[in-house]
Amino acid sequence: MLSFLQRRLTLLFITAFILTIIAFIVDRVLVASHNPEVINHQNYFYQYSNYLWHILNGNFGYSSLDNKDLIKRGLVFFASTLELCFVALIFSSFFAIPMGILAGLFRNSRLDYVIMTIAIVALALPVFWVGVMAVLLPSVWGDLLPVDGNLSLIYDVPVVTGFLLIDTLFVVDKYDLFAFIDRVAHLILPALTLSFFLITEIVRLTRSSMTMVMRSNYIQAAYAKGFSRRKIVVAHALRNALPPIIPQLRLQMSTIFSFAMTIEIVFNLNGIGKWLFISLKSGDYLVLPVGILIISGFILTFSIFIEIFMVIISPLRRSALYAD
Amino acid sequence: MRLICLLFLVISLTGCYQNKALTQNTLIYCTESLPSSFNPLISHDVASLDATTHQLFNRLVKIDEETNQFVPDLAEKWEQSEDKLRYRFTLRSDVHFHHTDYFTPTRTLNADDVLFSLNRMLDKNNPYHFINNQGNNFFYNHPFTNLLSEINKIDDLTIEFVLLKPDVTLLANLAAHYSVIHSKEYADQLLAQGTPKNIDFEPIGTGPFKFKQYDNNGTIRYSKHSLFAQKTGNIDNLIYFTNTSASKRYTKLLSGECDAISYPAASQLETISENENVSIISKVSANLALWAFNTSKPTLQDHRVRQAISKAINVKTILNAVYFQSALQTKTLLNKQSWALKANIDETLFAPEQARQTLQSLDYDFSKVLTILVPESGDTFNPNFHKTAELIQANLAAIGIQAQIINLSGKALKDRLKNGDYDTYLTGINVHINDPDSIFRPLLSCNSTPNTGNSSHWCSDETQSLLDASLTEPDFAQRIKNYYKIQVITREQRPYLPIAHVLRLDAVSNTISNIEVNPLTGINFQYAIKQDLK
Amino acid sequence: MLINNGFDEDKVQSPLHYIWSIFKRKSIAVMAMWLMIFFIALCIFAPWFVPHSPLSQNPEKMLLPPYWIEGGDVNHILGTDDLGRDSLSRLFYGLQLTLGGAVLITVCVTLLGMFIGASAALAKGIKASILHHLLDTLLAIPALLSALILITIFGPSYVNCLIAIGLSLLPQFVRTSYLFIKQELSKQYVIALRLDGATKLRLFKYGILPNILEPTVTVINRLFTLAIIEIATLGFLGFGAQLPQTELGSLIASSMELVYLSPWLVALPGLAIFSVIIIVNVFSEGLRQAIIEGES
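Chains as they are written, first to last, in full-length UniProt numbering: chain A, 1 to 324; chain B, 1 to 534; chain C, 1 to 296.
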């Protein structure tokens, strides 16, 4: 176990190292292309170690617009992005996993076709277009759901964790649960839009995983023993079909963030996507390397955690403990 | 089944997601852009004025919305000396400055505050003169030039303005947005702390609202100034929110997340006016959209060429396609309300065939591509620059001139303007005081650069001397004559093609009443009343 | 795998023919294929048959609705935009940039990705290890972010946007094709082929490629879908096609403020993107099924 952990952490270390190199290159190129007078003529190795030293000390640079610490603000915005992704993930799992299981169980049946059609339709709806069309909703529905922003402006919620769902709970004595409910209402449409993509992915993964499991020998054996189909599915198939979805979904994380960032821009949510977009539009290019470090750093770290977690919960994967 | 459950959940949530009790004395105003600072003295853009002039500050005198007369604001009364050279203002004794997290006033308003506020602009030795003010030539070319000889403090509550010569514009200047009164005590405190720059970003004033918070997401929060002595409405919390998309602003107005919005999309005016829960406040402003010809370019040096190209442009279509009903077509730089407008102008504007023939007779080089420089995002004087440019491009193509649209923003645009690498520039000008000089000087003065308004690189001794003479001219009739002359010159020489005078538009929910909008100084929420929703 | 169809008893059908014969029986997928061909033809030949130039303005006919709605005009089937330009023509030209760009990206990324993936899978030792880690890191950068980086450095333009999207989708493709090939390499028939003395190229062409056909179709379909979405997204955000180029995403962006006045200006380009993605997905799903059936 220890050597496994050590191997994973080494991997994390190496990828993080490559990531800082990429961020460094982006940083230099951006400075060179937009601000040629401050080009640094020292050798690159020296510059890079300097850059790395600053990052390790938590100094990621300052905004050229208002001189505020970039990393602090970036992290607060990223928390909001994570919140969106998390809510969308829960939301879509709620629908997609049962759909995927059904599609996998009744492969090539009419039900399967219906579910797969829903999945394809959900994928094909361009995220930004849905956002733009959502603007029309209030004139159709009245003020049913907010289509814009993180939180109604009447609530003045101080930033504690950056996760608004949690922060709004800190101000319960001031606003009761209204701020929280307001936050939930503001999350519904964007999370729904983001889950379109997630539903497609999860249905697809669950379906193929379920199919694989149902074809496997131990299920056949269970059938042979005369267990009911219901019992086989619940007791054997599900337990083995669901865990493999997680590492597969992890590979889609960067795409999910891509979509989430677009949604933030369209729905005007204060997340890292909107932050990068607005900053770039107003000429603050140094947010880009910081954005890379935050988003990709998170994805890399999280991936490794998932891998360790999978080894702990899934016996099949324990072979990884002893490999090479 | 799950779907139905979820639908119920959604509806039960949304049924109460807006807490009406909390919104009762809160007014949310959704604007199109962020203020560049919180001091109308240094920022003259519409967003900054809206966020500051009437909300945070007061001036000595103001203009009554109904009667158009000067009425006292911070001054209790004023009197004029016999020779009309001295104005003596008596200040009110009960004016309190804002009490905030970052400043606690120890005294009420006195003459020192007035002196400090005006001297920041007038006096180069004022420690605040150069603060936050790099590259802004307004301070050196300000409206009080050639007007005042000195300002004297008579006693704590009396202040005297001494004029160089009799001039009626003093009151107009004192009622303008840049004459707002700051706290000298606060300024001294900031100097002692070594953070004088904060004066423009964490403002202290005497207005009906005090500044509470500004976060970079575009939300500004104000709360009621409890010691404000004048009449007010019932708004306790004022919130500004910036959203650049006009449709989103309107959506938020419909959903009740905004109580008022600035500049609803021109294309949506008709839809909005059909909505009986929303009313539109529309004010004629002097803000002008125009198309500038770079007169320093060899091809455009001949005024007949500029004249001919102007004739090829169908301004009326631009009005229909870009502005819908949000602007008035114009043939002049001054608007109809201006006292200096030379009205009897009769000329055909759109005559493409004539334009082509003129250009041919002038041996104009039709093979040369004309560049149209365009700011990337819309402004208060043009909802969609690029669309306007596309229309102009099509008009030019019709007479055989190829045009190229160059879309730039921010620093790139400023640099391009600075080095003059453009044939024409689609722009406009915001006017802050109802004085012809405030529009002619930025556009036509030799001292003005493309970045401060003179994008046509216009410089002629005649206009310059007329401009300077008018400023100091004691005889009003003569001033009008001078401005008439300038108008004749600009019409003949055509450094600019005026397109439209833009309306100042706001859409307001019907639960809100008594909002005043002044196209020069900004929106005023002092008297605003929000009705109970129950 | 081998089938005698009764007429040419001694002629062996090639796998591709066989897959095609199965595919032909799936009517929806075949329809999707014809629609796809139709759309691509539409893009290529748009300049010859669109009723109006996409840039020609008409001040008399601004913001016309589609012709079946009251006030519409038969000359402008899908109505006109705020400058009186024909929506249908603009849609075709927009499709040209969006769909054409996506096809281009898909072809380039597939060829390049296959090559890198295959050479990585066949390589050993330190080379493979470096590539592996580099890919891991690149994969962790969202496509939108890497597109933003490249566009910030090189400036926004349609071509740069294509390059940026291509580069950001490449690592994903390399990674998956690498995994497939690696998996195949450990199978016994490959070892048998190797023992026969097959060259790397031959091994890849006859041994591996036919066997990874099914997952590859899925991945290419995904690549194409993402490419369309990314092109339109960047166009929408103003980082892709620049005015007056008409790209479906930028068409939506420029009509955004008109959404109340003429919602079809926003709805139609969106529906175009939507239907292209649906058609391609249905087609590829049919193809995939045919391959699976052919193999079993």
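We put the beta carbon where it would ideally sit given N, CA and C, even for glycine. Just so you know, these numbers come straight off a predicted model, no measurement behind them.
message: With a threshold of 8 Å on Cβ separation, who are the neighbours of K200/C within its own chain once the five nearest residues in sequence on each side are excluded?
response: Here the question's residue 200/C lines up with position 200 in the third sequence. Contacts found: L122.
* My understanding is that M110/A touches T211/A, with C-beta atoms under 8 Å, so please give their C-beta distance in whole angstroms. => What you label residue 110/A is simply residue 110 of the first sequence in a count that begins at 1. What you label residue 211/A is simply residue 211 of the first sequence in a count that begins at 1. Going by the sequence as given, residue 110/A is Arg instead of Met. With a Cβ gap of about 17 Å, R110/A and T211/A do not count as contacting.
Assess, as a yes-or-no matter, whether the region 281 to 294 of chain B is touched by the region 368 to 388 of chain B under the definition of 3 or more beta carbon pairs within less than 8 Å.
yes
Item to complete: Work out the CA separation of F89/B and E150/B for me, nearest whole Å.
Response: Sequence index remark: in the second sequence, residue 150/B carries index 150 (1-based). Sequence index remark: in the second sequence, residue 89/B carries index 89 (1-based). Computed Cα separation, rounded: 14 Å.
L391/B versus chain C: which residues are under 9 Å apart at the beta carbon? By 1-based counting over the second sequence, the position of residue 391/B is 391. Per Cβ cutoff of 9 Å: Q57, P59 and L83.
Next on the checklist: What residue range does the beta strand (DSSP E) around residue 305/C cover?
Outcome noted: The question about residue 305/C has no answer, for chain C in this structure spans 1 to 296.
Check for me: the beta strand (DSSP E) holding V71/B runs from which residue to which? Looking up residue 71/B in the second sequence gives position 71. Counting along the chain, the beta strand (DSSP E) containing V71/B begins and ends at F70 to P72.
For I309/B and A355/B, the rounded distance between their alpha carbons
Residue 355/B sits at position 355 when you count from the first residue of the second sequence. Residue 309/B sits at position 309 when you count from the first residue of the second sequence. A355/B and I309/B: Cα-Cα distance of roughly 6 Å.
message = Strictly below 7 Å CB to CB, what residues from chain A border I163/C?
response = If you number the third sequence from 1, residue 163/C lands on position 163. Correct list: empty, because the minimum Cβ distance to chain A is about 15 Å.
*Evaluate the contact criterion for the region 239 to 256 of chain C versus the region 90 to 100 of chain C: three or more CB pairs, one atom per stretch, below 8 Å.*
With three or more CB-CB distances shorter than 8 Å, the region 239 to 256 of chain C counts as touching the region 90 to 100 of chain C.
- Message: I'd like to know if G135/B contacts chain A, where contact means its C-beta is closer than 9 Å to some C-beta of that chain.
- Response: Here residue 135/B corresponds to residue number 135 of the second sequence, with the count starting at 1. Because the pLDDT of G135/B is 45, which lies under 50, any placement of that residue in the model is unreliable, and the number read from its coordinates should be weighed accordingly. Output row for G135/B: interface = no.
- Item | Interface partners of T26/B on chain A, CB under 9 Å | Here residue 26/B corresponds to residue number 26 of the second sequence, with the count starting at 1. In chain order: L153 and I154.
Quiz item: Are the CB atoms of L520/B and S285/B nearer to each other than 9 Å?
Solution: Here the question's residue 520/B lines up with position 520 in the second sequence. Here the question's residue 285/B lines up with position 285 in the second sequence. Cβ atoms of L520/B and S285/B: closer than 9 Å.
| message | What would DSSP say about E185/B, mapped onto helix, strand or coil? | response | Along the second sequence, one-based indexing puts residue 185/B at 185. It is helical.
Closest by C-alpha distance to N80/A, when choosing among I101/A, P289/A, N150/A and L9/A
Taking the first residue of the first sequence as position 1, residue 80/A is located at position 80. Checking the displayed sequence, the identity of residue 80/A turns out to be Ser instead of Asn. Nearest option by C-alpha distance: N150/A.
*asked:* Between L391/B, E32/B and I313/B, which has its C-alpha nearest E353/B's C-alpha?
replied: To locate residue 353/B, count along the second sequence from 1; it is residue 353. Of the candidates L391/B, E32/B and I313/B, the one whose C-alpha sits nearest the C-alpha of E353/B is I313/B.
| request: Pull up the CB-CB distance for A398/B and Y240/B, whole angstroms please, since I reckon it's below 8 Å. | output: The residue labelled residue 398/B in the question sits at position 398 within the second sequence. The residue labelled residue 240/B in the question sits at position 240 within the second sequence. Between Y240/B and A398/B the Cβ distance is about 44 Å, and since that is not below 8 Å, they are no contact.
On the premise that S33/B lies in contact with A47/B, defined as a C-beta separation below 8 Å, what is that separation, rounded to the nearest angstrom? Stepping through the second sequence from its first residue, residue 47/B is reached at position 47. Stepping through the second sequence from its first residue, residue 33/B is reached at position 33. Yes, A47/B and S33/B are in contact; Cβ-Cβ is about 4 Å, under 8 Å.
Where DSSP assigns a beta bridge to R221/B, which residues make up the other side?
-> As a working mapping, residue 221/B is identified with position 221 in the second sequence. In DSSP, R221/B forms a bridge with Q213/B and I239/B.
Are the beta-carbon atoms belonging to F211/B and E202/B less than 9 Å from one another? The residue labelled residue 211/B in the question sits at position 211 within the second sequence. The residue labelled residue 202/B in the question sits at position 202 within the second sequence. Yes, Cβ-Cβ distance for F211/B and E202/B is below 9 Å.
* Tell me V287/A's beta-bridge partners as DSSP assigns them. => One-based indexing of the first sequence puts residue 287/A at position 287. Residue pairing from DSSP leaves V287/A without any beta-bridge partner.
Between the region 316 to 329 of chain B and the region 498 to 510 of chain B, can you find at least three pairs of beta-carbon atoms closer than 8 Å? yes
Inspect the CB distances between the region 217 to 237 of chain A and the region 154 to 171 of chain A and report whether three or more fall short of 8 Å. no
So with Cβ pairs under 9 Å, would you call P244/C a contact of chain B? Looking up residue 244/C in the third sequence gives position 244. At least one C-beta of chain B is nearer than 9 Å to the C-beta of P244/C.
Within 10 angstroms of its Cβ, does G135/B collect 16 or more other Cβ (buried), or is it exposed?
-> Here residue 135/B refers to the residue found at position 135 when the second sequence is read from its first residue. Below a pLDDT of 50, predicted positions are generally treated as unreliable, and G135/B, at 45, falls in that range; the measurement from the model is reported next regardless. By the 10 Å Cβ count, G135/B comes out exposed.
Practice problem: Quick one: using the 10 Å Cβ neighbour count with 16 as the cut-off for buried, is W275/A buried or exposed? | Solution: Within the first sequence, numbered from 1, the residue matching residue 275/A stands at position 275. Buried: at least 16 other Cβ atoms inside 10 Å.
| task | Using a Cβ cut-off of 9 Å (strictly closer), state whether A185/A contacts chain C. | result | What you label residue 185/A is simply residue 185 of the first sequence in a count that begins at 1. By this cut-off, A185/A is not an interface position.
Neighbour list for T53/B in chain A, Cβ cutoff strictly below 8 Å
To locate residue 53/B, count along the second sequence from 1; it is residue 53. Neighbours of T53/B on chain A: none; closest Cβ ~22 Å, over 8 Å.
Presumed contact (8 Å Cβ cut-off) between S119/C and S146/C, rounded CB distance = Translated into positions along the third sequence, residue 119/C becomes position 119. Translated into positions along the third sequence, residue 146/C becomes position 146. Between S146/C and S119/C the Cβ distance is about 23 Å, and since that is not below 8 Å, they are no contact.
Checklist entry - Which chain A residues sit within Cβ distance under 8 Å of I239/B? => result In the second sequence, the residue the question calls residue 239/B occupies position 239. Under the 8 Å cutoff, chain A gives L153 and I154.
Decide if the region 76 to 92 of chain A is in contact with the region 179 to 194 of chain A; the criterion is three or more beta carbon pairs, one per stretch, under 8 Å apart. yes
**Prompt:** Among L466/B, S513/B and T31/B, which has the Cα closest to the Cα of K248/B?
**Reply:** What you label residue 248/B is simply residue 248 of the second sequence in a count that begins at 1. The option with the nearest alpha carbon to K248/B is T31/B.
Item to complete: Look at the alpha carbon of S296/A and the alpha carbon of I22/A, and state the distance between them as a whole number of angstroms.
Response: For the purposes of this step, residue 296/A is taken as the residue at position 296 of the first sequence. For the purposes of this step, residue 22/A is taken as the residue at position 22 of the first sequence. Looking at the two C-alpha atoms, the distance is approximately 11 Å.
Since D27/A meets chain B, which of its residues come closer than 9 Å, beta carbon to beta carbon? For the purposes of this step, residue 27/A is identified with residue 27 of the first sequence, where counting begins at 1. Chain B residues near D27/A: none, gap ~19 Å exceeds 9 Å.
**Q.** Nearest-angstrom beta carbon gap, L104/C and L162/C [assumed within contact, 8 Å]
**A.** For the purposes of this step, residue 162/C is identified with residue 162 of the third sequence, where counting begins at 1. For the purposes of this step, residue 104/C is identified with residue 104 of the third sequence, where counting begins at 1. At roughly 7 Å, the Cβ-Cβ gap stays under 8 Å, so L162/C and L104/C are in contact.
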